[in-house]
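J.: Last residue of the sequence shown: 324 (numbering that gives the first Met the number 0), numbering continuous. Pasting a structure here, questions to come.
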Amino acid sequence: MARCLVTGGAGFIGSHLTEQLLELGHEVVVLDNMSTGRQSNLDRVSEHPRLSIRNGSITDPVLLAESMAGAEIIYHLAAAVGVKLVADDPVRTIETNIFPTEVLLRAAAAAKQRVFIASTSEVYGKNPKERWVEEDDLHFGPTSRPRWAYGCSKAIDEFLALAYHRKFGLPVVIGRFFNVVGPRQVGHYGMVIPRFVDQALKGGPVVVYDDGEQVRCFAHVKEVVNSIIRLVETPAAQGFVYNIGSDAPVSIRDLASQIIERVDPRIEIQYLAYRDAYGDDFEDVRRRVPDVSRLAARIGYKPSMTLGEILDDIIRWKREQRDPD
Ligand code: UDP
Numbered sequence: 000m001a002r003c004l005v006t007g008g009a010g011f012i013g014s015h016l017t018e019q020l021l022e023l024g025h026e027v028v029v030l031d032n033m034s035t036g037r038q039s040n041l042d043r044v045s046e047h048p049r050l051s052i053r054n055g056s057i058t059d060p061v062l063l064a065e066s067m068a069g070a071e072i073i074y075h076l077a078a079a080v081g082v083k084l085v086a087d088d089p090v091r092t093i094e095t096n097i098f099p100t101e102v103l104l105r106a107a108a109a110a111k112q113r114v115f116i117a118s119t120s121e122v123y124g125k126n127p128k129e130r131w132v133e134e135d136d137l138h139f140g141p142t143s144r145p146r147w148a149y150g151c152s153k154a155i156d157e158f159l160a161l162a163y164h165r166k167f168g169l170p171v172v173i174g175r176f177f178n179v180v181g182p183r184q185v186g187h188y189g190m191v192i193p194r195f196v197d198q199a200l201k202g203g204p205v206v207v208y209d210d211g212e213q214v215r216c217f218a219h220v221k222e223v224v225n226s227i228i229r230l231v232e233t234p235a236a237q238g239f240v241y242n243i244g245s246d247a248p249v250s251i252r253d254l255a256s257q258i259i260e261r262v263d264p265r266i267e268i269q270y271l272a273y274r275d276a277y278g279d280d281f282e283d284v285r286r287r288v289p290d291v292s293r294l295a296a297r298i299g300y301k302p303s304m305t306l307g308e309i310l311d312d313i314i315r316w317k318r319e320q321r322d323p324d
C-alpha cells in the first residue's frame, strides 16, 4: 500500500479519488485550500485513520514541500477550474495552474515520486476534428478571450511534465479530462449538468446557451477515478498523455431534454445567447468528443456508463441534498 498526496483532494474529482484510494488500502494526504473544494466533500471519510487533510494552497511552496514529503504517489488535481471561474479571473488561473505545478514536478523528480497530472480537454481548444486524439494540434483562440487562459495554462503543465519525464526520468502520467460529472459537482462555476438538474428540480426553465447544438461527452467521476488509478499503476503508461472520458456524444439540447424527461416533462427549455450568459468576450467550443483508444489499450478499461445511468445517479444525489430525509 502506498502513501499518496492528492492536491485538490476536497474538490469534486479529488474527493472521489481520495475515497477510492482509501478503499484500496492506501494512505492519503489531502492538500486543498477549500476555494472550489469543500470540507463536506470528504464527510464520508473525514474520520478515516489513513486520511489526513491539510488546509492550504499549492501556491505556498513550503506547505507543498511538506505535504509531498514521504509520499510515493502524487495526484495533482488542484487547479483553478470551470469555464466561468476561469473567464472571470484569468490571473488567478495562470498563477494557480502553472507555477505550483513546476515546483511540484521538480521536487517529485528529485525524490523519484510517481506523479499524475490532471489536464483537460480544453487544451485541444476549438480543434475542428470529429474526435480528438492525443497527438492532435491545439487550436486556441486569441489571448483577448480569457477562456483560452485555462487551456494554455494546462498545456504548459503538460509541456513541463513531459520535459521532466524526458530529462530526469520522472514517472509521470497526464490525463486530459472530458466533462467529468457526478455527485458533488456544483453548478456555480458554469458546469452544465448540475445547473440543468438544479433548474429542473426547481420547476424550470432549463437554460440552454445558444442553439443547444454544442456537443459534449459526459463521464461519471467514479469511472474517471478508476481510470486515473489504473494509469498510475501501469508503468508502461508513464511519459504519455491520455484522454479520459466518455466517447458517447450528446448535444446540449438533447441533454436538457433527457433531464427534463426524468424530472418533469412539463418543464420548458429557454435559449440564452452566449453574450448574455458569459459576456462579450466569450467563445464556446462547439464540439468536444475524445478518442479514448489509447487509454483503453493501455489499461484495458474506459468509462462506459450510459448518460441515462449517469443522470439517474446525479438526480438521485441532488434530490437527497434537497430533502435529506
Ligand atoms: N451550457 C448551457 N447552459 C448552462 C451551462 C452550460 O447551455 O447553464 C452549455 C455550454 O455553453 C457548453 C456546454 O453546456 O456548450 C458545456 O458547458 P460546461 O461549462 O459544463 O463545460 P465545457 O464548456 O467546459 O465543456
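Built from N, CA and C at the ideal position, the CB exists for glycine as well. Predicted model only: the values in this text are computed from it and were never measured.
Contact defined as beta carbons within less than 8 Å: I believe His164 pairs with Gly238. What is the distance between those atoms, to the nearest angstrom?
T.: Contact holds; Cβ gap of about 4 Å.
J.: Which same chain residues, not among the five before or five after Val44, have their C-beta less than 6 Å away from its C-beta?
T.: Only Glu18, Leu21 and Leu50 meet the Cβ criterion.
J.: Sorted by chain position, which residues of the same chain lie with C-beta nearer than 6 Å to Ala295's C-beta, five sequence neighbours on each side aside?
T.: For Ala295, where only same-chain residues beyond five positions count, the Cβ hits under 6 Å are Lys301.
J.: Ser256 to His75, Cα distance in whole Å?
T.: The alpha-carbon atoms of Ser256 and His75 are separated by roughly 35 Å.
J.: So is Asn54 buried or exposed if we call it buried at 16+ other beta carbons inside 10 Å?
T.: That one is exposed.
J.: Would you kindly report the start and end of the unbroken alpha helix (DSSP H) that includes Phe195?
T.: It spans Val191 to Leu200 - the alpha helix (DSSP H) in which Phe195 sits, taken as one unbroken run.
J.: For Val284, which residues of its own chain have a beta-carbon under 6 Å away from its beta-carbon, when the five flanking residues on both sides are left out?
T.: Excluding positions up to five away in sequence, the list reads Lys125.
J.: Rounded to whole angstroms, what's the CA-CA distance from Arg315 to Arg321? Just pull it up for me.
T.: Distance between the alpha carbons of Arg315 and Arg321 is about 10 Å.
J.: With DSSP run on the structure shown, which of helix, strand or coil describes Ser245?
T.: It is coil, neither helix nor strand.
J.: With a threshold of 6 Å on Cβ separation, who are the neighbours of Leu84 within its own chain once the five nearest residues in sequence on each side are excluded?
T.: Cβ within range, chain order: Tyr188.
J.: Between the C-alpha atoms of Arg243 and Gly168, what's the straight-line distance to the nearest angstrom?
T.: Sequence inspection shows Ile at residue 243; the Arg mentioned does not correspond to that position. Answer to the nearest angstrom: the Cα atoms are 23 Å apart.
J.: What's the C-alpha gap between Leu41 and Val231?
T.: Between Leu41 and Val231, the C-alpha separation is close to 22 Å.
J.: Can you tell me whether DSSP reads Val85 as helix, strand or coil?
T.: The answer is helix: DSSP assigns Val85 an H, G or I state.
J.: Under the three-state reduction of DSSP, which class applies to Glu159: helix, strand or coil?
T.: Checking the sequence shown, residue 159 turns out to be Leu, not Glu. Note: Leu159 maps to helix in three-state DSSP.
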